[in-house]
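Chains A and B, in that order, are what the protein sequence lines are.
Take the position in the first sequence, starting the count at 1, then add 20; the result is the number in my numbering.
Take the position in the second sequence, starting the count at 1, then add 93; the result is the number in my numbering.
All residues carry an ideal CB built from backbone N, CA and C; glycine is no exception.
Bear in mind the structure is a predicted one, so any value in this text is a computation, not a measurement.
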Amino acid sequence: MRTLMAYVAGLLFGLGLAVSGMTDPARVLGFLDLAGAWDPTLMFVLGGAVVTNFVGYRLALRRPNPLFAGAFQLPTRRDLDGRLIGGAALFGVGWGLSGYCPGPALASLAGPTAPLAAMLAAMIAGWFLAWFLAPRPRP
Amino acid sequence: MDITASLHGLIGGILIGLSATWLMLTLGRIAGVSGIIGTLVTRQPRGDSAWRLAFLLGLVSGPLALALAGGGLGNVVGRPEAVIGEPAGGVALMLVAGLLVGVGTGIGSGCTSGHGVCGLARLSPRSMVATLTFLAAAIITVFVVRHLIGGGA
Chain A
21 MRTLMAYVAG LLFGLGLAVS GMTDPARVLG FLDLAGAWDP TLMFVLGGAV
71 VTNFVGYRLA LRRPNPLFAG AFQLPTRRDL DGRLIGGAAL FGVGWGLSGY
121 CPGPALASLA GPTAPLAAML AAMIAGWFLA WFLAPRPRP
Chain B
94 MDITASLHGL IGGILIGLSA TWLMLTLGRI AGVSGIIGTL VTRQPRGDSA
144 WRLAFLLGLV SGPLALALAG GGLGNVVGRP EAVIGEPAGG VALMLVAGLL
194 VGVGTGIGSG CTSGHGVCGL ARLSPRSMVA TLTFLAAAII TVFVVRHLIG
244 GGA
């Protein structure tokens with residue numbers, strides 16, 4: 021049941037990315053290009069998603085626990101640190117170069133190309149690199 | 094302004110918001126793609142991987158379903174029949190960009206979905222700062238590539 025619920029969430033997410041045009045890097049780069057022919061689409065996507073989810077979270081989190089899991093797993097940190105800001109800056113440069121953030125890049129596997137495959141392979145390598153660089157006690 | 098494109102954006106955005114709410118309501122999880130899939134590929138946590146793989150399959154089947162449903166439902170610039178747009182550069186550029194996206198979302202604990210869609214909806218100060226940071230970095234990068242260097246993406 022947990023697997024089915026996650027599939028439905030992924031399906032809704034993938035449909036949303038495709039309907040909104042976020043699976044087209046030109047839409048994303050058009051939004052980021054303030055000095056060019058600015059494309060406001062991404063603003064409507066992020067705005068629609070955040071407002072919907074803002075209301076949705078407030079309703080969902082009234083429950084004592086999720087429908088198919090023991091507890092809500094919410095991040096608790098509120099401090100700002102160099103890893104958060106440095107990581108976000110590196111991500112932003114990669115996003116600006118390609119027009120792909122992780123969701124649209126993976127969803128675009130529905131129409132694979134060689135540059136997309138390169139993007140995904142390098143992104144996975146980057147996740148491994150970040151994981152090895154993470155400060156943590158090692159067993 | 095292209096009203097149809099903006100309307101597509103709004104409808105798609107609402108679907109993404111519903112997805113994030115759905116994942117919280119059913120499994121109690123943040124719908125952050127880099128976290129869900131990054132953890133799946135780097136760690137495969139026992140008993141905590143099947144739902145991540147299912148989410149990924151759903152993520153890919155969304156655009157596939159839309160493509161199979163026929164034309165006009167996507168929002169690719171200048172190609173109303175298409176659902177998936179062309180990459181903005183070649184293999185070399187994508188290797189660099191992919192590495193930056195992977196490392197950055199890995200050490201920065203999230204991407205556009207985890208920090209943007211979910212973190213902003215939770216009014217998380219970390220996610221607000223992260224979202225402003227990656228938006229600013231991306232806007233500067235596009236300005237440099239398109240207007241200072243010229244060409245490229």
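- Pro84(A) is outside the set of residues whose beta carbon lies under 8 Å from a beta carbon in chain B.
- Contacts with chain B at 8 Å (Cβ-Cβ) include Arg97(A).
- A residue is called buried once 16 or more other Cβ atoms fall within 10 Å of its Cβ, and Ile109(B) is buried on that count.
- The beta-carbon distance between Gly30(A) and Phe148(B), rounded to whole angstroms, is 4 Å. This is short enough to meet the 8 Å contact definition.
- Val170(B) carries a coil assignment under DSSP once its states are collapsed to helix, strand and coil.
- At a C-beta separation below 7 Å, Arg122(B) has these neighbours in chain A: Gln93.
- For Ile109(B), the enclosing alpha helix (DSSP H) has its first and last residue at Ile96 to Leu120.
- Listed by position along chain B, the residues whose Cβ is nearer than 7 Å to that of Arg156(A) form an empty set, because the closest Cβ is around 12 Å away.
- At a C-beta separation below 8 Å, Ala57(A) has no neighbours in chain B, since its nearest C-beta there lies roughly 10 Å away.
- Not one beta carbon of chain A lies nearer than 8 Å to the beta carbon of Gly140(B).
- Residue environment: His240(B) is assigned as exposed (fewer than 16 neighbouring CB atoms within 10 Å of its CB, all protein chains considered).
- Between Val169(B) and Trp147(A), the CB-CB gap reaches or exceeds 8 Å.
- With a 10 Å radius around the Cβ and a threshold of 16 neighbouring Cβ atoms, Thr97(B) comes out exposed.
- For the options Ile144(A), Arg22(A), Gly131(A) and Gly114(A), the alpha carbon positioned closest to that of Val48(A) is the one of Gly114(A).
- Per DSSP, Tyr27(A) is one residue of the alpha helix (DSSP H) stretching across Arg22 to Ser40.
- Cβ contact annotation for Ser112(B) (same chain, cutoff 8 Å, sequence separation greater than five): Ala124, in chain order.
- According to the DSSP assignment, Thr61(A) belongs to the alpha helix (DSSP H) that extends over Thr61 to Ala80.
- With a contact defined as Cβ atoms closer than 8 Å, Gly212(B) and Val65(A) miss out at about 16 Å.
- Comparing alpha carbon positions, the residue from Ala46(A), Ala38(A) and Gly36(A) closest to Glu179(B) is Ala46(A).
- Of all residues in the stretch 102-116 of chain B, those with a C-beta nearer than 7 Å to a C-beta of chain A are Gly102, Leu103, Ile104, Gly105, Gly106, Ile107, Leu108, Ile109, Gly110, Leu111, Ser112, Ala113, Thr114, Trp115 and Leu116, reading in chain order.
- Between Ala230(B) and Gly112(A), the beta carbon gap of about 3 Å places them in contact (Cβ cut-off 8 Å).
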